[in-house]
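Participant: Protein chains in written order, with the numbering used here: chain A, 1 to 157; chain B, 1001 to 1157.
There are 2 protein chains.
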Amino acid sequence: MDTPIYKQLLLAVDFENTSEPVIERALRMRALTNARLFLLHVVEHVPPGIDFMPVGYAGDLAASGDLALEEELLGLARGELDALGERLDVPEADRLVRVGSPGHMIDEVAAELGADLIIVGSHGRHGFKGLFGSTARAVLRHPVCDVLCVRMEEPAS
Amino acid sequence: MDTPIYKQLLLAVDFENTSEPVIERALRMRALTNARLFLLHVVEHVPPGIDFMPVGYAGDLAASGDLALEEELLGLARGELDALGERLDVPEADRLVRVGSPGHMIDEVAAELGADLIIVGSHGRHGFKGLFGSTARAVLRHPVCDVLCVRMEEPAS
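This is the structure we're talking about:
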C-alpha cells in the first residue's frame, strides 16, 4: 500500500451554498492523500439544452445575444472560481472553466488530466433530481475513474 | 479538520473478480481514515424481480423450492463473506448478509449503522448497465451518506 490511493482530484463545483459540503470533503481528501486538487466549473451552453454549439454558430437558437450571455456567464464563473481557488489554495493553473454539458465535460476533463477521483455533489432527499444530481448521474454513466458523490442537503427553496 | 472524514465505511460486495478493485479501495480508505469497515452482501430474492417476499410466503411466484434456493444462496454467501472477512481482518460482527433488493438494502443498512461512506463498484465502459451498476445507481437515488463509486473493468465474458 505504498502508492497513494489518489493523486489527482477533480472537484466539480457550482456556486450554490449546497456546494460547501462537497468542497469540505475535497479539502479533507486532499489533506489525507496529498493529492493535487483541480477545480472545474462547467458553464452550460446558452440556450440550455443545446449540446453542441460550434464557435461562430449563428443559427436561430444561438443568436449573438446568447453567445454574449455565454461570454458574460464565463466571465462571472472565472471570477467565482478564482475567489474559490484563492480560498482553497489551488493555483491558477488548476482552476478550470469549460463550456458544455456538465456530465460529459467533467468526464472529458478527468480523462485529459488523468484524474483518479472525481468529487461531485448529490442531493439528499431527492437523490439525483437536482441540477447537480443530473450532473453526477451523467458522470456516473461512463466513469473514467472513481467518483465520490458527496451527500448534500436539499437547497432551501 | 480534527474530526475524521469518515468513521464507518460500508463496503457492498458481490463475489465476482471485478470486486477486487473495490475491495482494494475500501482497504486503503480504512487505512487512511482508521474507520471501521463493515462488509455487506445482499442476496437477491428468489425469484429475482420480486421486491417483497414475506417470510412464509407460499404463493405461485415463491414456491417452497425458491425459498430453499434462497436459503442455499444465503449459506453460500455467508461462507464467502466469512472468508473475505478473515482475509480483510473484519470481525465477524461486522460481516452482514441480507436478503432483498441490493440498492435499497444497502441504503437501509447504511442508515442503520450510521455509515458515512458507502463503497460500491461501477462498471467502466458500460457505466451502470451491469448488475453492480444497477445497484450503485439505486443506492445513489436516495443517498443517506457519501458514496464512493469505484471504477471497475468490464468483466471478461
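Here a beta-carbon is modelled for each residue, glycine too, at the ideal position from N, C-alpha and C.
Indicate the three-state DSSP secondary structure (helix, strand or coil) for V22(A) in the structure shown.
Facilitator: The residue given as residue 22(A) occupies position 22 in the first sequence. Residue state, collapsed to three classes: helix.
Participant: Give every residue of the same chain whose Cβ lies closer than 8 Å to the Cβ of M1033(B), excluding the five residues on either side of it in the sequence, and list them in chain order.
Facilitator: Sequence index remark: in the second sequence, residue 1033(B) carries index 33 (1-based). Reading off the sequence, residue 1033(B) comes out as Thr, not Met. Cβ within range, chain order: P1004, I1005, Y1006, K1007 and L1009.
Participant: Taking the DSSP output, what are the residues bridged to D146(A)?
Facilitator: Residue numbering aside, residue 146(A) sits at position 146 when the first sequence is read from its first letter. Paired residues: L117(A).
Participant: Run through chain B and tell me which residues come within less than 7 Å of V147(A), C-beta to C-beta.
Facilitator: Along the first sequence, read from residue 1 onward, the residue named residue 147(A) stands at position 147. Correct list: C1149.
Participant: Would you mind telling me which residues of chain B sit closer than 8 Å to I5(A), beta carbon to beta carbon, in chain order?
Facilitator: To locate residue 5(A), count along the first sequence from 1; it is residue 5. In chain order: R1025, R1028, M1029 and L1032.
Participant: What is the C-beta distance between V13(A) and L39(A), in whole angstroms, given that I count them as a contact (C-beta under 8 Å)?
Facilitator: Taking the first sequence and counting its residues from 1, the one referred to as residue 13(A) is at position 13. Taking the first sequence and counting its residues from 1, the one referred to as residue 39(A) is at position 39. Indeed they touch by this definition, with Cβ atoms about 6 Å apart.
Participant: Tell me the rounded alpha-carbon separation between E1020(B) and L1011(B).
Facilitator: Here the question's residue 1020(B) lines up with position 20 in the second sequence. Here the question's residue 1011(B) lines up with position 11 in the second sequence. Taking the straight line from one Cα to the other gives about 12 Å.
Participant: From I1106(B) to E1044(B), what distance separates their C-alpha atoms?
Facilitator: As a working mapping, residue 1106(B) is identified with position 106 in the second sequence. As a working mapping, residue 1044(B) is identified with position 44 in the second sequence. Cα to Cα, I1106(B) sits roughly 12 Å from E1044(B).
Participant: Give me whichever residues DSSP pairs with L27(A) in a beta bridge.
Facilitator: Numbered from its first residue, the first sequence carries residue 27(A) at position 27. In DSSP, L27(A) forms no bridge with anything.
Participant: Any beta-carbon of chain A closer than 8 Å to the one on P1143(B)?
Facilitator: For the purposes of this step, residue 1143(B) is taken as the residue at position 143 of the second sequence. For P1143(B), the answer is yes, since a Cβ of chain A falls inside 8 Å of its Cβ.
Participant: To the nearest whole angstrom, what separates the beta carbons of L74(A) and V42(A), a pair I think is in contact under 8 Å?
Facilitator: Within the first sequence, residue 74(A) is the residue found at index 74, counting from 1. Within the first sequence, residue 42(A) is the residue found at index 42, counting from 1. That pair is no contact at about 11 Å.
Participant: Got a sec: which bits of the region 1099-1110 of chain B sit with their beta carbon under 9 Å from any beta carbon on chain A, in order along the chain?
Facilitator: Result list empty, no residue passes.
Participant: Closest to A1138(B) by C-alpha separation, out of S1122(B), A1031(B) and L1084(B), would be which residue?
Facilitator: The residue labelled residue 1138(B) in the question sits at position 138 within the second sequence. Nearest option by C-alpha distance: S1122(B).
Participant: From the DSSP output, which residues share a beta bridge with A1012(B)?
Facilitator: By one-based count along the second sequence, residue 1012(B) stands at place 12. Looking at the DSSP assignment, A1012(B) forms a beta bridge with L1040(B).
Participant: Can you tell me which of the three DSSP states V90(A) falls into?
Facilitator: On the first sequence, position 90 is the one that residue 90(A) refers to. Looking at V90(A) - three-state DSSP - the assignment turns out to be coil, as it is neither helix nor strand.
Participant: Since C149(A) and D116(A) are thought to touch, with beta carbons under 8 Å apart, how far apart are those beta carbons, to the nearest angstrom?
Facilitator: Start at 1 with the first residue of the first sequence, and residue 149(A) comes out as number 149. Start at 1 with the first residue of the first sequence, and residue 116(A) comes out as number 116. Not quite, the Cβ-Cβ distance comes to about 16 Å (not below 8 Å), so this is no contact.
Participant: If you measure from the beta carbon of L74(A) to each beta carbon in chain B, is any gap under 8 Å?
Facilitator: Position 74 of the first sequence, counted from the first residue, corresponds to residue 74(A). L74(A) does not count as touching chain B.
Participant: Based on DSSP bridge pairs, tell me the residues matched to L1096(B).
Facilitator: Counted from its first residue, the second sequence places residue 1096(B) at position 96. Its beta-bridge partners are L1040(B).
Participant: Say whether chain B places a C-beta atom closer than 8 Å to the C-beta of S122(A).
Facilitator: Here residue 122(A) refers to the residue found at position 122 when the first sequence is read from its first residue. Judged by the 8 Å Cβ criterion, S122(A) is in contact with chain B.
Participant: Measure how close the beta-carbons of L1084(B) and V1097(B) come, nearest whole angstrom, since I'm counting them as under 8 Å.
Facilitator: Your numbering for residue 1084(B) matches position 84 in the second sequence. Your numbering for residue 1097(B) matches position 97 in the second sequence. Contact flag wrong, Cβ pair sits at about 11 Å.
Participant: Put I106(A) into one of helix, strand or coil per three-state DSSP.
Facilitator: Position 106 of the first sequence, counted from the start, is the residue given in the question as residue 106(A). I106(A) falls in the helix class under three-state DSSP.
Participant: Tell me the rounded alpha-carbon separation between R30(A) and E1071(B).
Facilitator: Position 30 of the first sequence, counting from 1, holds the residue named residue 30(A). Position 71 of the second sequence, counting from 1, holds the residue named residue 1071(B). Approximately 45 Å, taken between the alpha carbons.
Participant: Quick one, are the C-beta atoms of R1036(B) and D1094(B) less than 8 Å apart?
Facilitator: Translated into positions along the second sequence, residue 1036(B) becomes position 36. Translated into positions along the second sequence, residue 1094(B) becomes position 94. Their beta carbons are under 8 Å apart, which means R1036(B) touches D1094(B) by this criterion.
Participant: Give me the Cα-Cα distance between A1077(B) and R1151(B), rounded to the nearest whole angstrom.
Facilitator: By 1-based counting over the second sequence, the position of residue 1077(B) is 77. By 1-based counting over the second sequence, the position of residue 1151(B) is 151. Going by the C-alpha atoms only, they are around 23 Å apart.
Participant: Determine, using beta carbons only, whether I1118(B) and V1090(B) come nearer to each other than 8 Å.
Facilitator: Sequence index remark: in the second sequence, residue 1118(B) carries index 118 (1-based). Sequence index remark: in the second sequence, residue 1090(B) carries index 90 (1-based). Cβ distance not < 8 Å, so I1118(B) and V1090(B) don't count as in contact.
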